[in-house]
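Position 115 (the sequence shown) corresponds to 114 in numbering that gives the first Met the number 0; numbering is contiguous. Structure, as structure tokens:
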Amino acid sequence: MSSKEDRERLGKGTHAVWAGEEERLPWGATCMPVVHSVTYSYDDLDQWFEVATGVRQGYIYSRNTNPTVAAFEEKMRALEGADDATSFATGMAAISNTLYTLLSDGDRVVSVKDSYGGTLKVFTEFLPRHGVEVMLCETEDHDAIEAEVRKGCSVLYLETPTNPTMKILDLARLAEVGHEVGATVVVDNTFNTPINQSPLELGADLVLYSATKYLNGHSDAMGGVAIGAPSLVRRVFHFREINGATLHPNTAYLLLRGLKTLELRMQRHNENAMRLARHLVEHPKADVVNYPGLPGHRYHEVAARQMRGFGGMLSFSLKGGFDAVRRFLPKLRFAHRAASLGSVGTLVGAPGTTSHVEVPIAEREAAGIPEGLVRVSVGIENADDLIADFDQALDAV
Ligand code: PLP
Numbered sequence: 000m001s002s003k004e005d006r007e008r009l010g011k012g013t014h015a016v017w018a019g020e021e022e023r024l025p026w027g028a029t030c031m032p033v034v035h036s037v038t039y040s041y042d043d044l045d046q047w048f049e050v051a052t053g054v055r056q057g058y059i060y061s062r063n064t065n066p067t068v069a070a071f072e073e074k075m076r077a078l079e080g081a082d083d084a085t086s087f088a089t090g091m092a093a094i095s096n097t098l099y100t101l102l103s104d105g106d107r108v109v110s111v112k113d114s115y116g117g118t119l120k121v122f123t124e125f126l127p128r129h130g131v132e133v134m135l136c137e138t139e140d141h142d143a144i145e146a147e148v149r150k151g152c153s154v155l156y157l158e159t160p161t162n163p164t165m166k167i168l169d170l171a172r173l174a175e176v177g178h179e180v181g182a183t184v185v186v187d188n189t190f191n192t193p194i195n196q197s198p199l200e201l202g203a204d205l206v207l208y209s210a211t212k213y214l215n216g217h218s219d220a221m222g223g224v225a226i227g228a229p230s231l232v233r234r235v236f237h238f239r240e241i242n243g244a245t246l247h248p249n250t251a252y253l254l255l256r257g258l259k260t261l262e263l264r265m266q267r268h269n270e271n272a273m274r275l276a277r278h279l280v281e282h283p284k285a286d287v288v289n290y291p292g293l294p295g296h297r298y299h300e301v302a303a304r305q306m307r308g309f310g311g312m313l314s315f316s317l318k319g320g321f322d323a324v325r326r327f328l329p330k331l332r333f334a335h336r337a338a339s340l341g342s343v344g345t346l347v348g349a350p351g352t353t354s355h356v357e358v359p360i361a362e363r364e365a366a367g368i369p370e371g372l373v374r375v376s377v378g379i380e381n382a383d384d385l386i387a388d389f390d391q392a393l394d395a396v
């Protein structure tokens, strides 16, 4: 591979396979080894000093950096087309470390009510204890979000599509308002991956991922990553290296392996979810179907503008309410009834009894989460088999 510029021009499928590894592979190995070493030795004290002070590239101690972890970070940096990336033990570590880096006593953060549950806990339980004012707006009410941002904030934190009702935020529009007031715009892009949506190109300053989901893709490793300009990423890295939510090299290896098929998997997730969504819209036992790829979705046009694919997540409600869900879910043959998302295998759950069990029924209904709602993380199985499976399970309702 000739120059850095040549490398940056490559397609995402090529980055997914090669980036981060080609320049690090020792002994003619064809995949990145897991480097378990916690510490790294230097006979030359000047060299050691240069690495320790960041003048020269290298490794000192694996809480800060590690070769296998660095390969994962570089692959993610290349996939996002950004200048820097740093990793974390989980997605929540990426989110909380970023928010704690960017926000201090007296600051204000604006976000939406439908962010991931763990993120909402950081907003409602932890940040206020440190003197941070948190404003959570109605998710798709762009005018209200803009008005709150214009009152002033240091961070505008966004997630789109949201869980479980697949609400969409117009990232370019909101990022512009965020920048008018000098806010750092942070986007959780977990549902999309760099294949389906590029928040940095839409104006965001930092992109966060739970690597536990699509990036890994096999439900067998947890991780997180923050990607953007070095001026921001280095600050978040410093918080993480001191506070210690470091990605383990074994896990980095699993993430590297999962990432190699990211583009292929996402293409299939996109296709399968679109087919299942279209099928469910026509099904007499299904009521509302939430999928941004459907022309009937409230923000379909915004989604079509900012997403290259509509992703593998959808939700739909059964006309019979929770009794129908109780009968439907156990009948599915090709679906794990489990939390999480983004795996090769289909995962289903009932938000009313899982992620939103603590939210009172009236509030859930108002947020578009009826008792009969089923969330589906559509896997990469054969689409005909999935549709036939959903049909036979719906027959039981
Ligand atoms: N962001 C989103 C959108 C998620 O769905 C999740 C987990 O479900 C997270 C962040 C948190 O990730 P993790 O479980 O890896 O900490």
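Even for Gly, the Cβ is constructed at its ideal location relative to N, Cα and C.
Nearest to His-106 by CA position, among Met-91, Ala-146, Leu-155, Lys-112, is which residue? In the sequence as presented, His is not what sits at residue 106; that position holds Asp. Ranking the options by Cα distance to Asp-106, first place goes to Leu-155.
Kindly list the residues whose CB is nearer than 8 Å to the CB of Arg-267, restricted to its own chain and excluding five residues on each side of it in sequence; keep chain order. Ile-379
Whole angstroms are fine: how far does the CA of Leu-261 sit from the CA of Met-0? For Met-0, the pLDDT reaches just 46, beneath the cut-off of 50, and the residue's location in the model is therefore unreliable, although a value from the coordinates is still provided. For the pair Met-0 and Leu-261, the Cα-to-Cα distance works out to about 22 Å.
Integer Cβ distance of Thr-164 from Ser-114, believed to fall under 8 Å: Actually they do not touch by this definition, with Cβ atoms about 12 Å apart.
Counting C-beta neighbours from all protein chains within 10 Å, is the total for Val-356 16 or more, i.e. buried, or is it exposed? It is exposed - the Cβ of Val-356 has fewer than 16 other Cβ atoms within 10 Å.
At a cut-off of 7 Å, would you count Glu-22 as near the ligand PLP, judging by its Cβ distance to the nearest heavy atom? no
Quick check: the Cα distance between Ser-40 and Lys-150, rounded to an integer number of angstroms? 52 Å
Hey, would you say the C-beta of Ser-209 is under 7 Å away from at least one heavy atom of the ligand PLP? yes
Could you work out which residue in Met-31, Ala-171, Asp-286 is closest to Gly-367 when comparing CA atoms only? Asp-286
With 16 other Cβ atoms within 10 Å as the buried cut-off, status of Thr-52: exposed
Please determine, among Lys-3, Val-68, Phe-48, the residue with the shortest C-alpha to C-alpha distance to Asn-249. Val-68
Can the beta-carbon of Ser-354 be found closer than 8 Å to that of Ser-218? no
Would Arg-188 and Val-176 qualify as a contact pair, given that the criterion is a beta-carbon distance under 8 Å? Note that residue 188 corresponds to Asn in the displayed sequence, not to Arg. Contact flag unset, no.
Considering Leu-205, what are the terminal residues of the beta strand (DSSP E) in which it resides? 205–209
Three or more C-beta pairs below 8 Å linking the region 277–292 and the region 168–182: no
CB of Met-221 to nearest heavy atom of the ligand PLP: below 7 Å? For Met-221, the Cβ falls inside the 7 Å cut-off from some heavy atom of the ligand PLP.
Give a single yes or no on whether Met-306 has its beta carbon closer than 7 Å to a heavy atom of the ligand PLP. no
So Glu-370 and Gly-351 are in contact, right, with Cβ under 8 Å, and what is the actual spacing, rounded? Contact flag correct, Cβ pair sits at about 5 Å.
Met-31 and Leu-214 closer than 8 Å at C-beta: No. Outside cutoff.
Is there at least one non-hydrogen atom of the ligand PLP closer than 7 Å to the beta-carbon of Ile-94? Under cutoff, so the answer is yes.
Taking all protein chains shown into account, decide if Asp-394 is buried (16 or more other Cβ within 10 angstroms of its Cβ) or exposed. Asp-394 should be labelled exposed.
What's the C-alpha gap between Arg-23 and Gly-57? 12 Å
Do the CB positions of Leu-313 and Tyr-298 come within less than 8 Å of each other? Tyr-298 is positioned such that its CB atom lies no closer than 8 Å to that of Leu-313.
Cα-Cα, which of Val-121, Gly-181, Thr-123 is closest to Val-148? For the set Val-121, Gly-181, Thr-123, the Cα lying nearest the Cα of Val-148 is the one of Gly-181.
Val-280: first and last residue of the uninterrupted alpha helix (DSSP H) it sits in: 261–281 is the span of the alpha helix (DSSP H), which, as asked, contains Val-280.
Straight-line gap, Ile-59 to Arg-233 (C-alpha atoms, nearest Å): 17 Å
By the DSSP assignment, the beta strand (DSSP E) with Asn-289 in it spans what residues? Residues 285–289.
Leu-397 (DSSP reduced to helix, strand or coil): Lying before the first or after the last residue shown, residue 397 is absent from the chain, which here runs from 0 to 396.
Tell me the rounded alpha-carbon separation between Leu-331 and Ala-392. 6 Å
At the level of alpha carbons, what is the spacing between Glu-362 and Lys-112? 12 Å
By the DSSP assignment, the alpha helix (DSSP H) with Ile-94 in it spans what residues? Here the alpha helix (DSSP H) through Ile-94 covers 90–101.
On the DSSP letters alone, give me the boundaries of the alpha helix (DSSP H) that Tyr-252 sits inside. In the DSSP assignment, Tyr-252 falls within the unbroken alpha helix (DSSP H) covering 248–258.
Any chance the region 123–137 sits against the region 70–88, with 3 or more Cβ pairs inside 8 Å? no
Classify Arg-239 as buried or exposed, calling it buried when 16 or more other Cβ atoms lie within 10 Å of its own Cβ. buried
Distance between Thr-123 and Thr-245 (C-alpha atoms, nearest Å): 25 Å
Along the chain, which unbroken stretches of the alpha helix (DSSP H) at least 4 residues long are found entirely within the region 117–192? 141–149, 170–179
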